[in-house]
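Residue numbers (full-length UniProt numbering), protein chains in the order written: chain A, 1 to 226; chain B, 1 to 226.
Glycine is no exception: its CB is placed at the ideal position from the N, C-alpha and C atoms.
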């Protein structure tokens with residue numbers, strides 16, 4: 001396992017930050033390569049010809065793509081001092097289910113709540129409320145989704161802990177708050193206070209400014225939503 | 001692992017048929033429970049309160065949901081005489097990538113090509129063409145996506161081998177054909193000729209009649225697309 005590890009990422013992408021966090025949790029040394037998403041490098045396109053997106057994990061000469069696929073690859077390739085997925089098959093299935101739930105349901109509902117207006121926004125906010133409620137419920141009695149330590153669901157939920165909070169500020173709405181989601185907010189506090197998590201987040205002010213700049217163009221449909 | 005296994009499925013769902021196929025490949029005895037999707041059973045809603053969808057795999061008292069999550073659970077729980085995912089972490093990552101590609105990209109492009117009209121249909125057909133081309137390429141030099149034997153990608157691609165062929169007939173379009181996809185068509189032939197696969201497919205005429213009946217309502221938006 002002595003082959004070189006490179007991560008092609010983007011500072012503001014929760015998906016490449018997931019991979020960064022998993023590598024650090026596993027104490028895997030790696031070289032980070034920042035991609036300019038407006039002008040993607042030939043290497044990124046070579047390694048991810050299907051989606052042409054970050055993150056790409058390059059292990060030796062083998063590229064692995066899609067953040068959730070990469071997280072499982074990291075867990076199966078390096079022992080490190082932690083496991084990203086639990087050992088028990090049923091608990092593994094539950095973790096995979098919640099990761100899929102975050103990616104397929106929650107992410108787009110929260111994202112679209114922040115980047116839409118009027119009736120559409122109202123509908124997305126209703127959806128987000130329902131989805132966040134289920135996540136709140138899942139956390140009951142636990143410090144992290146992974147139990148006492150950070151696991152795959154916590155890593156995948158980095159978007160909720162950081163990006164969603166910044167986005168709701170930009171949009172001037174309140175999706176996640178202490179009153180409605182006391183357990184989720186406690187988790188956010190715990191998660192963001194971990195040193196290794198802090199190292200894998202963008203600067204708050206930089207992200208805020210980035211989304212503020214994009215807001216008008218996105219709402220006017222002059223820029224793509226993603 | 002002596003606990004009872006039950007599968008809540010629907011005859012026409014490629015997703016529950018995936019699980020059926022995996023259980024049979026692993027020689028796991030199970031009880032199949034057909035769900036009426038127009039009138040879901042209280043048990044289905046109890047076991048899958050989040051999505052209220054088939055398939056649900058009940059192992060003892062523990063429900064596992066989402067077909068791809070269930071496939072991994074089956075692979076990790078029962079040894080059987082085959083492995084659904086390869087052993088090597090990189091090959092596992094590649095298989096997971098293609099399964100995600102089929103579910104996130106190919107499925108909706110093919111489905112929507114068959115259930116739309118005019119400009120929208122043209123766009124979905126263009127997308128399907130691109131996505132199917134990549135799948136054709138992935139199969140080069142291989143009998144199955146899994147190599148010499150059926151693996152996770154083959155199981156997930158059951159939709160392409162059977163449902164897509166029926167759907168394109170109903171829609172009167174040609175997405176997958178011998179001329180454009182000789183390798184994919186050879187794979188379809190190989191896949192559909194396996195006895196265990198045949199046991200996990202709906203009757204062709206029944207599925208054809210089902211979609212024919214639905215066609216008008218779906219195109220008129222009188223029925224939901226999914």
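Return helix, strand or coil for residue 225 (chain A), following the three-state DSSP convention. In the first chain, counting from the first residue as 1, residue 225 (chain A) sits at position 225. Here the model assigns residue 225 (chain A) a pLDDT of 47, short of 50, so the residue's position is not dependable, and the following value carries that caveat. Reduced to three states, the DSSP call for residue 225 (chain A) is coil.
Would a check of beta-carbon distances place residue 134 (chain B) closer than 8 Å to chain A? Position 134 of the second chain, counted from the first residue, corresponds to residue 134 (chain B). Among the CB atoms of chain A, one or more fall inside 8 Å of the CB of residue 134 (chain B).
Considering only residues of the UniProt domain "GST N-terminal" (3-82) of chain A, which uninterrupted alpha helix (DSSP H) runs meet the minimum length of 4 residues and lie entirely inside it, listed in chain order? Runs found: 14-25, 42-47 and 67-77.
Tell me residue 144 (chain B)'s beta-bridge partners as DSSP assigns them. Your numbering for residue 144 (chain B) matches position 144 in the second chain. DSSP output for residue 144 (chain B) lists B:147 as bridge partner(s).
Rank B:179, B:128, B:122 and B:161 by C-alpha distance to the C-alpha of residue 144 (chain B) and give the top, closest one. Translated into positions along the second chain, residue 144 (chain B) becomes position 144. Ranking the options by Cα distance to residue 144 (chain B), first place goes to B:161.
With distance defined between alpha-carbon atoms, name the residue in B:180, B:156 and B:205 nearest to residue 169 (chain B). Taking the second chain and counting its residues from 1, the one referred to as residue 169 (chain B) is at position 169. Considering only alpha carbons, the answer is B:205.
Between which two residues does the alpha helix (DSSP H) harbouring residue 167 (chain A) extend? Counted from its first residue, the first chain places residue 167 (chain A) at position 167. Residue 167 (chain A) -> alpha helix (DSSP H) spans 164-171.
Shorter than 8 Å from the beta carbon of residue 32 (chain B) to some beta carbon of chain A? Along the second chain, read from residue 1 onward, the residue named residue 32 (chain B) stands at position 32. Chain A contact via Cβ: absent.
For residue 100 (chain A) and residue 66 (chain B), believed in contact at Cβ under 8 Å, the rounded distance: Here residue 66 (chain B) refers to the residue found at position 66 of the second chain. Here residue 100 (chain A) refers to the residue found at position 100 of the first chain. Indeed they touch by this definition, with Cβ atoms about 6 Å apart.
My output table needs one value for residue 116 (chain A): the three-state DSSP class, helix, strand or coil. Your numbering for residue 116 (chain A) matches position 116 in the first chain. Secondary structure of residue 116 (chain A) (DSSP, three-state): coil.
So, helix, strand or coil for residue 89 (chain B), using DSSP? Locating residue 89 (chain B) in the second chain gives position 89, where the first residue counts as 1. If DSSP states are grouped into helix, strand and coil, residue 89 (chain B) belongs with the helices.
Please confirm if residue 101 (chain A) has its CB atom under 8 Å from at least one CB of chain B. Within the first chain, the letter at position 101 stands for residue 101 (chain A). So, interface residue.
CB-CB under 8 Å to residue 185 (chain A), same chain, minus the five flanking residues each way: which ones, in chain order? Position 185 of the first chain, counting from 1, holds the residue named residue 185 (chain A). The residues are 176, 177 and 178.
What whole-angstrom Cβ distance do residue 50 (chain B) and residue 134 (chain A) have, given they're in contact under 8 Å? Mapped onto the second chain, residue 50 (chain B) falls at position 50. Mapped onto the first chain, residue 134 (chain A) falls at position 134. With 8 Å as the limit, residue 50 (chain B) and residue 134 (chain A) qualify as a contact, their Cβ atoms being about 6 Å apart.
Proximal residues to residue 219 (chain B) (C-beta, below 6 Å), its chain only, five neighbours per side dropped: Translated into the one-based positions of the second chain, residue 219 (chain B) becomes position 219. Cβ neighbours of residue 219 (chain B) beyond the five flanking positions: none.
Residue 20 (chain B) and residue 37 (chain B) look like a contact to me (Cβ under 8 Å); what is the Cβ gap, rounded to whole Å? The count along the second chain starts at 1 and reaches residue 20 (chain B) at position 20. The count along the second chain starts at 1 and reaches residue 37 (chain B) at position 37. In this structure residue 20 (chain B) is not in contact with residue 37 (chain B), their Cβ atoms being roughly 16 Å apart against a cut-off of 8 Å.
By how many angstroms is the C-alpha of residue 33 (chain A) removed from the C-alpha of residue 52 (chain B)? Your numbering for residue 52 (chain B) matches position 52 in the second chain. Your numbering for residue 33 (chain A) matches position 33 in the first chain. Annotation: residue 52 (chain B) to residue 33 (chain A) spans about 42 Å, alpha carbon to alpha carbon.
Distance check for residue 24 (chain A) and residue 196 (chain A), CA to CA, integer angstroms please. On the first chain, position 196 is the one that residue 196 (chain A) refers to. On the first chain, position 24 is the one that residue 24 (chain A) refers to. If I take the Cα positions, the gap works out to 7 Å.
Closer than 7 Å to a non-hydrogen atom of the ligand FMN - does that hold for the CB of residue 202 (chain A)? Among the ligands in the structure shown, none appear at all, so the ligand FMN cannot be discussed.
If residue 73 (chain A) and residue 58 (chain A) are in contact, beta carbons under 8 Å, what's the gap, nearest whole angstrom? Reading the first chain from its first residue, position 73 is the one you call residue 73 (chain A). Reading the first chain from its first residue, position 58 is the one you call residue 58 (chain A). No, residue 73 (chain A) and residue 58 (chain A) are not in contact; Cβ-Cβ is about 11 Å, not under 8 Å.
Assuming residue 167 (chain B) contacts residue 114 (chain B) (C-beta within less than 8 Å), just tell me the rounded distance between them. Taking the second chain and counting its residues from 1, the one referred to as residue 167 (chain B) is at position 167. Taking the second chain and counting its residues from 1, the one referred to as residue 114 (chain B) is at position 114. Going by Cβ atoms, the distance from residue 167 (chain B) to residue 114 (chain B) rounds to 4 Å, so yes, they are a contact pair.
Beta-carbon separation of residue 194 (chain B) and residue 155 (chain B) under 8 Å? As a first step, residue 194 (chain B) is located in the second chain; it is residue number 194 there, counting from the start. As a first step, residue 155 (chain B) is located in the second chain; it is residue number 155 there, counting from the start. Taking 8 Å as the Cβ cut-off, residue 194 (chain B) and residue 155 (chain B) do not qualify as a contacting pair.
Assuming residue 212 (chain A) is part of the alpha helix (DSSP H), what are its boundary residues? The residue labelled residue 212 (chain A) in the question sits at position 212 within the first chain. Counting along the chain, the alpha helix (DSSP H) containing residue 212 (chain A) begins and ends at 204-219.
With 8 Å set as the bound, which would you pick, yes or no: does the beta-carbon of residue 107 (chain A) sit closer than that to a beta-carbon of chain B? By one-based count along the first chain, residue 107 (chain A) stands at place 107. So, not an interface residue.
Between the C-alpha atoms of residue 208 (chain A) and residue 107 (chain A), what's the straight-line distance to the nearest angstrom? The residue you call residue 208 (chain A) lines up with position 208 of the first chain. The residue you call residue 107 (chain A) lines up with position 107 of the first chain. If I take the Cα positions, the gap works out to 18 Å.
Among the residues of its own chain, which have a CB less than 7 Å from the CB of residue 212 (chain A), if the five just before and after it don't count? The residue you call residue 212 (chain A) lines up with position 212 of the first chain. Sequence-distant Cβ neighbours of residue 212 (chain A) in its own chain, meaning closer than 7 Å and more than five residues away, are 170.
Compare the C-beta of residue 64 (chain A) against all C-beta atoms of chain B and say whether one is closer than 8 Å. As a working mapping, residue 64 (chain A) is identified with position 64 in the first chain. Output row for residue 64 (chain A): interface = yes.
For residue 180 (chain B), the three-state DSSP class (helix, strand or coil): Residue 180 (chain B) sits at position 180 when you count from the first residue of the second chain. Three-state DSSP puts residue 180 (chain B) in coil, outside helix and strand.
Residue 199 (chain A) by DSSP, collapsed to three states: which one? In the first chain, counting from the first residue as 1, residue 199 (chain A) sits at position 199. In this structure, residue 199 (chain A) counts as coil in the three-state DSSP scheme.
Go ahead and pull the three-state DSSP assignment for residue 139 (chain B). For the purposes of this step, residue 139 (chain B) is taken as the residue at position 139 of the second chain. DSSP, reduced to helix, strand and coil, places residue 139 (chain B) outside both helices and strands of the structure shown, so it counts as coil.
Proximity winner among B:17, B:172 and B:86, relative to residue 117 (chain B) (alpha-carbon distances): As a working mapping, residue 117 (chain B) is identified with position 117 in the second chain. The residue from B:17, B:172 and B:86 with its alpha-carbon nearest to that of residue 117 (chain B) is B:172.
Distance, Cα to Cα, residue 192 (chain A) vs residue 119 (chain B)? Position 192 of the first chain holds residue 192 (chain A). Position 119 of the second chain holds residue 119 (chain B). Rounded to the nearest angstrom, the two C-alpha atoms are 47 Å apart.
For residue 175 (chain A), which three-state DSSP category applies? Within the first chain, the letter at position 175 stands for residue 175 (chain A). Residue 175 (chain A) falls in the coil class under three-state DSSP.
By the 10 Å Cβ neighbour count, where 16 or more other Cβ atoms means buried, how is residue 9 (chain B) classified, buried or exposed? In the second chain, the residue the question calls residue 9 (chain B) occupies position 9. Buried is the call here.
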